[in-house]
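In the order they appear, the protein sequences are chains A and Z.
Going left to right, the first sequence walks through residues 1 to 111 as this note's numbering numbers them.
Going left to right, the second sequence walks through residues 1001 to 1115 as this note's numbering numbers them.
Cβ coordinates follow ideal geometry from the N, Cα and C atoms, glycine included.
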Amino acid sequence: EPEVTQTPSHQVTQMGQEVILRCVPISNHLYFYWYRQILGQKVEFLVSFYNNEISEKSEIFDDQFSVERPDGSNFTLKIRSTKLEDSAMYFCAIRDIYEQYFGPGTRLTVT
Amino acid sequence: AQSVAQPEDQVNVAEGNPLTVKCTYSVSGNPYLFWYVQYPNRGLQFLLKYITGDNLVKGSYGFEAEFNKSQTSFHLKKPSALVSDSALYFCAVRDLGSNTGKLIFGQGTTLQVKP
């Protein structure tokens, strides 16, 4: 099973601040995804990333969000100006033919 | 629109008894279906998938799932539950309207296995 790590495990930030969440897949994959899970709710798709560019994004993924793969291995999600409603678990995932493998998540708390 | 429903918020079962966690889907086409498990403060772990072929698929930790096309269901099962199976279970379907393979998740079912 492909391994995915995420850092930090927990991030607390003040409203309006920028945060960067990081994902490191241990092996090479082409498709990357970010999902989020607001506490007590279902997992929601944010964005997919293929061949170093965004291939699909949800309506949640507005101009405050961006993704990039700056060095060919790390895959980052940036939220430019956090809002209270951005508080959630953020999961990175990679795709292996059909199934996706998820990282342990970053818990983002916006105060 | 494609969707997945898990009709039960919580399922309670005694250790050693069989368990079933229900999932129904609505897709336009042949579905790719998945089950994931989430332990407290952990990520989503892949359990099993149905792509094509045999309607009964086997996965990790002794879990299996039965694909039923006529009932549009993909229920997760285990013959004998363990206390350690207690977790949050998510059914998911690949969005066939997407060319990126994104997943659409159900709302999750909490499985509580009592000793």
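Using the beta-carbon of each residue, which ones in chain Z are nearer than 7 Å to G103 of chain A? Your numbering for residue 103 of chain A matches position 103 in the first sequence. The answer, in chain order, is G1043.
Taking a cut of 8 Å between CB atoms, which residues from the region 37-55 of chain A lie near chain Z? Taking 8 Å as the Cβ-Cβ cut-off against chain Z, the residues of the region 37-55 of chain A that qualify are Q41, K42, V43, E44, F45, S48, Y50, S55.
Secondary structure at E85 of chain A, three-state DSSP: helix, strand or coil? As a working mapping, residue 85 of chain A is identified with position 85 in the first sequence. The three-state secondary structure of E85 of chain A, taken from DSSP, is helix.
Using 9 Å as the limit for Cβ to Cβ distance, is L1103 of chain Z near chain A? Position 103 of the second sequence, counted from the start, is the residue given in the question as residue 1103 of chain Z. By this cut-off, L1103 of chain Z is an interface position.
Since A1087 of chain Z and V1037 of chain Z should fall inside the 8 Å C-beta cutoff, what is the C-beta to C-beta distance between them, to a whole number of angstroms? Start at 1 with the first residue of the second sequence, and residue 1087 of chain Z comes out as number 87. Start at 1 with the first residue of the second sequence, and residue 1037 of chain Z comes out as number 37. Contact holds; Cβ gap of about 5 Å.
Would you say the region 64-71 of chain A touches the region 1012-1020 of chain Z, given that touching needs at least three Cβ pairs under 8 Å? No, the region 64-71 of chain A is not in contact with the region 1012-1020 of chain Z.
Could you tell me whether any Cβ in chain Z is nearer than 9 Å to the Cβ of Q6 of chain A? For this step, residue 6 of chain A is matched to residue 6 along the first sequence. Yes - at least one Cβ of chain Z is within 9 Å of the one on Q6 of chain A.
Listing by chain order, which chain Z residues have their CB less than 9 Å from the CB of R22 of chain A? Within the first sequence, numbered from 1, the residue matching residue 22 of chain A stands at position 22. The premise fails here: R22 of chain A is roughly 14 Å from chain Z at the closest Cβ pair, so nothing lies under 9 Å.
Over what stretch of residues does the beta strand (DSSP E) that includes K1114 of chain Z continue unbroken? Start at 1 with the first residue of the second sequence, and residue 1114 of chain Z comes out as number 114. Going by DSSP, K1114 of chain Z is part of the beta strand (DSSP E) stretching over 1109-1114.
Let me know the secondary structure DSSP gives D96 of chain A once reduced to three states. Taking the first residue of the first sequence as position 1, residue 96 of chain A is located at position 96. Of the three classes helix, strand and coil, the one that applies to D96 of chain A here is strand, per DSSP.
What do you get for S48 of chain A, buried or exposed, if any count of 16 or more other CB atoms within 10 angstroms of its CB means buried? The residue given as residue 48 of chain A occupies position 48 in the first sequence. Under this definition S48 of chain A is a buried residue.
Taking Cβ positions, are T106 of chain A and Q41 of chain A nearer each other than 9 Å? Here residue 106 of chain A is taken as the residue at index 106 of the first sequence, counted from 1. Here residue 41 of chain A is taken as the residue at index 41 of the first sequence, counted from 1. One thing to note: T106 of chain A has its Cβ no nearer than 9 Å to the Cβ of Q41 of chain A.
Please confirm if the region 88-101 of chain A is in contact with the region 30-40 of chain A, defined as three or more CB-CB distances below 8 Å between the two stretches. Judged by pairs of C-beta atoms under 8 Å, the region 88-101 of chain A touches the region 30-40 of chain A, as three or more such pairs exist.
Cα-Cα separation between L1076 of chain Z and K83 of chain A, rounded to whole angstroms: Position 76 of the second sequence, counted from the start, is the residue given in the question as residue 1076 of chain Z. Position 83 of the first sequence, counted from the start, is the residue given in the question as residue 83 of chain A. Going by the C-alpha atoms only, they are around 37 Å apart.
Once you ignore the five residues that flank T109 of chain A on each side, which residues in its own chain have a CB closer than 8 Å to its CB? In the first sequence, the residue the question calls residue 109 of chain A occupies position 109. If the five residues before and after T109 of chain A are omitted, its C-beta is found closer than 8 Å to the C-beta atoms of H10, Q11, V12, T13, S87, all from its own chain and listed in chain order.
Quick one: does G1029 of chain Z have its CB under 9 Å from some CB of chain A? The residue you call residue 1029 of chain Z lines up with position 29 of the second sequence. By the rule that beta-carbons nearer than 9 Å mark a contact, G1029 of chain Z does not touch chain A.
Using the Cα positions of G1062 of chain Z and K1078 of chain Z, report the straight-line distance between them to the nearest angstrom. Looking up residue 1062 of chain Z in the second sequence gives position 62. Looking up residue 1078 of chain Z in the second sequence gives position 78. The straight-line gap from Cα to Cα measures roughly 6 Å.
Answer yes or no: do Y1025 of chain Z and V1057 of chain Z have a C-beta to C-beta separation smaller than 9 Å? The residue labelled residue 1025 of chain Z in the question sits at position 25 within the second sequence. The residue labelled residue 1057 of chain Z in the question sits at position 57 within the second sequence. No, they are not a contact pair.
L1047 of chain Z versus F1034 of chain Z: straight-line alpha-carbon distance, rounded: Within the second sequence, the letter at position 47 stands for residue 1047 of chain Z. Within the second sequence, the letter at position 34 stands for residue 1034 of chain Z. Between the alpha carbons of L1047 of chain Z and F1034 of chain Z lies a distance of about 8 Å.
State yes or no: is the C-beta of S87 of chain A nearer than 8 Å to some heavy atom of the ligand NAD? For the ligand NAD, the structure offers nothing, since it holds no ligand at all.
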